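Participant:
Residue numbers (this note's numbering): 1 to 74.
#1: Report the CB separation of residue 14 from residue 45 in whole angstroms; it is logged as a contact under 8 Å.
#2: If distances are taken between C-alpha atoms only, which option among 34, 36, 53, 41 comes closest to residue 20?
#3: Tell me the DSSP secondary structure of residue 42 in three-state form.
#4: To which residues of the same chain is residue 41 closer than 7 Å at the C-beta, ignoring the five residues directly before and after it?
#5: Report the partner residues of residue 65 according to the DSSP bridge assignment.
What follows is the structure, given as structure tokens:
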């Protein structure tokens, strides 16, 4: 099963709806405003996923994004 990331906008899931960066950031923003967490660690394992959130998440919200490094084929 492969999860694909379209540059800077979405993650295509094997089934169901796509995950859009803007939608996920909106959820994080609402959670922050509601003070419903101390820290969030979000891990997404998909090639090129690290660039998906560049410049979209503001600082000082105790939200940490973690992404793996993908090896080149071969």
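In this text, a Cβ means the ideal position worked out from N, Cα and C, and glycines have one as well. Note that this is a predicted model, so its numbers are computed, not measured.
Facilitator: Reading off the structure:
#1: Contact flag wrong, Cβ pair sits at about 13 Å.
#2: 53
#3: strand
#4: 64, 66
#5: 42
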